[in-house]
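Every letter in the sequence shown is one number past the one before it in the UniProt record's numbering, and letter 83, counting from 1, is 83. All residues carry an ideal CB built from backbone N, CA and C; glycine is no exception. Everything below concerns the one structure shown next.
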Amino acid sequence: MMISSIFSRLTARAWTRNHTFPTRLQQNYPSSSVVLKNPGARFQSRQSPRRSQVWEQRANLVRAILFAVPIITSVMVYARIQNPLYMDTKKESNGILDQKPTHHDLKSEQPPSASREKHKDFVDANTLPKEEAVLTTAPDVPPRITRDHPVLLQVNLVTSTKMEKLNSQYKYEKWNFNGSIPGPFIRARVGDVVELSLTNRDESGNPYNIDCHAFLGPGGGSALATVEEGQTKPGRFRLQFPGLYIYHCAAAPVPVHIANGMYGLMYVQPAEGDLPSVDHEYYVMQSEFYHEPPGVEDNGRPSSTVEFSYPNALREEPSVVVFNGHESALTTEKPLKAGVGESVRIFFGNAGPNLTSSFHVIGSTFKKVYRDSDVLSPPGQCVQTVGVPPGATTIVDMEMLVPGTYTLVDHAIFRLEKGAVGYLNVSGVPQPDIYEGTEPPAPCVGCKLHP
Numbered sequence: 001m002m003i004s005s006i007f008s009r010l011t012a013r014a015w016t017r018n019h020t021f022p023t024r025l026q027q028n029y030p031s032s033s034v035v036l037k038n039p040g041a042r043f044q045s046r047q048s049p050r051r052s053q054v055w056e057q058r059a060n061l062v063r064a065i066l067f068a069v070p071i072i073t074s075v076m077v078y079a080r081i082q083n084p085l086y087m088d089t090k091k092e093s094n095g096i097l098d099q100k101p102t103h104h105d106l107k108s109e110q111p112p113s114a115s116r117e118k119h120k121d122f123v124d125a126n127t128l129p130k131e132e133a134v135l136t137t138a139p140d141v142p143p144r145i146t147r148d149h150p151v152l153l154q155v156n157l158v159t160s161t162k163m164e165k166l167n168s169q170y171k172y173e174k175w176n177f178n179g180s181i182p183g184p185f186i187r188a189r190v191g192d193v194v195e196l197s198l199t200n201r202d203e204s205g206n207p208y209n210i211d212c213h214a215f216l217g218p219g220g221g222s223a224l225a226t227v228e229e230g231q232t233k234p235g236r237f238r239l240q241f242p243g244l245y246i247y248h249c250a251a252a253p254v255p256v257h258i259a260n261g262m263y264g265l266m267y268v269q270p271a272e273g274d275l276p277s278v279d280h281e282y283y284v285m286q287s288e289f290y291h292e293p294p295g296v297e298d299n300g301r302p303s304s305t306v307e308f309s310y311p312n313a314l315r316e317e318p319s320v321v322v323f324n325g326h327e328s329a330l331t332t333e334k335p336l337k338a339g340v341g342e343s344v345r346i347f348f349g350n351a352g353p354n355l356t357s358s359f360h361v362i363g364s365t366f367k368k369v370y371r372d373s374d375v376l377s378p379p380g381q382c383v384q385t386v387g388v389p390p391g392a393t394t395i396v397d398m399e400m401l402v403p404g405t406y407t408l409v410d411h412a413i414f415r416l417e418k419g420a421v422g423y424l425n426v427s428g429v430p431q432p433d434i435y436e437g438t439e440p441p442a443p444c445v446g447c448k449l450h451p
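This is how it looks when you write it as structure tokens:
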């Protein structure tokens, strides 16, 4: 656009000069002035025809030069600008583009026939040994899988509703998997076939299903597993990629099911070479709840229960932001624990449904971060805060060097006042060579960050 503008302006100037040139030539060269030979006749030069012809040729030459100069200048400017781009492209072509692409081109690498042949290598799920999955409630994590072969992994999930504490003021009817929010932590291995059995025990008539981000196929399994009240449906899903995945209900309306508590995590270990061992592994999920103001009881007092607010959810204005389902889940009820010198791993997920989390542990640095739960690439190191959007996860490792209380927060820090806080209590002897003051620690009164 800039080159086109410059070219247009220079060309316009050239045309202007061409049209005004004869007048200027007459002003600068009196000998070329014109007179009337006869009234009403054309102008003629007093000079001889031969000299007049020479002057005319010179004038035409000057006109041609003046017309050509802006065009040549524009071309040179354009070439000057384009040349670095061309050189960069040429370098990139010589260094990279001339090489064979390193990304995975599914169409070229796996034509339909080859894909079918590859799938023939899968072990028939019916011939796999059966194993019942170990399911744990947050913040606990099932033990590491040590087997070196795939299994038919049986996972039984039950949907229901339960009135329970949301924060220190209110109770709320939550929808759940297996009676807990978040739902149970599922641990599996690449190559396993998950045999999922989903049962609906909600007497309100709500349908439920499951969309697991680790399941490959339409709806992440939801199309196969939608259950009405009293129904049970099975489904089989082969796990092909490692990582930490969110699962959630995807029955309509999907955002309402997620906003009311229908979510959990599944960790799929690589077939070979899982993450390094640590002393403690924990399960933490962040989520929001949206509720209406409390009603009024018959005695005139505000109600202790609140109901879901669809308008607040549409405006993305949560009433409560919490870890593991309610405000005190990781503070007074089940704080995380470790000792000095021990390593801690947190499998962290953000159920949303709307807010992005800026996950941070006050007083510690993440020694390793498996961003987006990519467990195949080298981890990030020495990271202070990790951004996790809704429907995503991360895995962080820490080494606890000093005793005391470390605080889990979403560093969009006003969410602390809505409940997004948890504690990691580290026991052990003081480490004055790392952390020391002239006086003992004196936490501020009423502070949620430094109890």
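In this chain, the alpha helix (DSSP H) harbouring residue 310 covers 310-314. By the 16-neighbour rule on beta-carbons within 10 angstroms, residue 126 is exposed.
Secondary structure at residue 176: strand, using DSSP grouped into helix, strand and coil. With respect to the 9 Å criterion, residue 173 and residue 260 are classified as neighbours on the basis of their beta carbons.
Annotated as proximal: residue 145 and residue 269, with beta-carbon spacing under 9 Å. In the DSSP assignment, residue 412 falls outside any beta strand (DSSP E) and carries neither an H nor an E. Judged by pairs of C-beta atoms under 8 Å, the region 284-304 does not touch the region 199-212, as fewer than three such pairs exist.
Taking 3 residues as the minimum length, the beta strand (DSSP E) runs contained wholly in the region 304-382 are 320-323, 336-339, 343-352, 357-362, 366-370, in order along the chain. The way I'd put it, the region 299-314 doesn't touch the region 361-368; fewer than three beta-carbon pairs between them come closer than 8 Å.
Taking the Cα positions, residue 406 is about 22 Å away from residue 277. Closest in C-alpha terms to residue 294, from the list 152, 128, 166, 131, comes 166. In this structure, the alpha-carbon of residue 323 lies about 16 Å from that of residue 281. In its chain, beyond the 5 residues on either side, 385, 387, 410, 411, 412 have a beta carbon closer than 7 Å to the beta carbon of residue 358. Distance from the CA of residue 213 to the CA of residue 72, rounded to the nearest whole angstrom, comes to 59 Å.
Contact between residue 424 and residue 306 is ruled out by a C-beta separation of about 30 Å, above the 8 Å threshold.
Under the DSSP assignment, residue 234 falls outside any alpha helix (DSSP H), being part of the beta strand (DSSP E) whose first and last residues are 232-238. With a threshold of 16 other beta carbon atoms within 10 Å, residue 147 falls short and is exposed. For residue 223, no alpha helix (DSSP H) run applies, since DSSP gives it neither H nor E.
Around the beta-carbon of residue 217, fewer than 16 other beta-carbon atoms lie within 10 Å, marking it exposed. Taking C-alpha positions only, residue 150 is separated from residue 189 by approximately 7 Å. In the DSSP annotation of this structure, residue 149 is not part of any beta strand (DSSP E), being labelled neither H nor E. When beta bridges are read from the DSSP output, residue 298 appears opposite no residue. Within the same chain, 406, 407, 409, 449 come within 7 Å of residue 362 by CB-CB distance, once the 5 residues on both sides are set aside. The beta carbon of residue 250 sits closer than 8 Å to those of 209, 210, 211, 219, 220, 222, 257, all from its chain and outside the five residues before and after it, given in chain order.
DSSP places residue 268 inside the beta strand (DSSP E), whose first and last residues are 263-269. Across the structure, residue 62 and residue 68 are spaced so that their CA atoms are roughly 10 Å apart. In its chain, beyond the 5 residues on either side, no residue has a beta carbon closer than 6 Å to the beta carbon of residue 57. Using a Cβ distance threshold of 9 Å, residue 346 and residue 398 count as a contacting pair.
Here residue 155 is buried: its Cβ has 16 or more other Cβ atoms, across all protein chains shown, within 10 Å. In the same chain as residue 162, and ignoring 5 residues on each side of it, the C-beta atoms closer than 8 Å to its own belong to 173, 174, 176, 179, in chain order. In terms of Cβ geometry, residue 197 and residue 229 do not form a close pair [threshold 9 Å]. Membership of residue 280 in the beta strand (DSSP E) is indicated by the continuous run 280-289.
By the beta-carbon neighbour count (other beta carbons within 10 angstroms, threshold 16), residue 195 is buried. DSSP, read as helix, strand or coil, puts residue 188 in strand.
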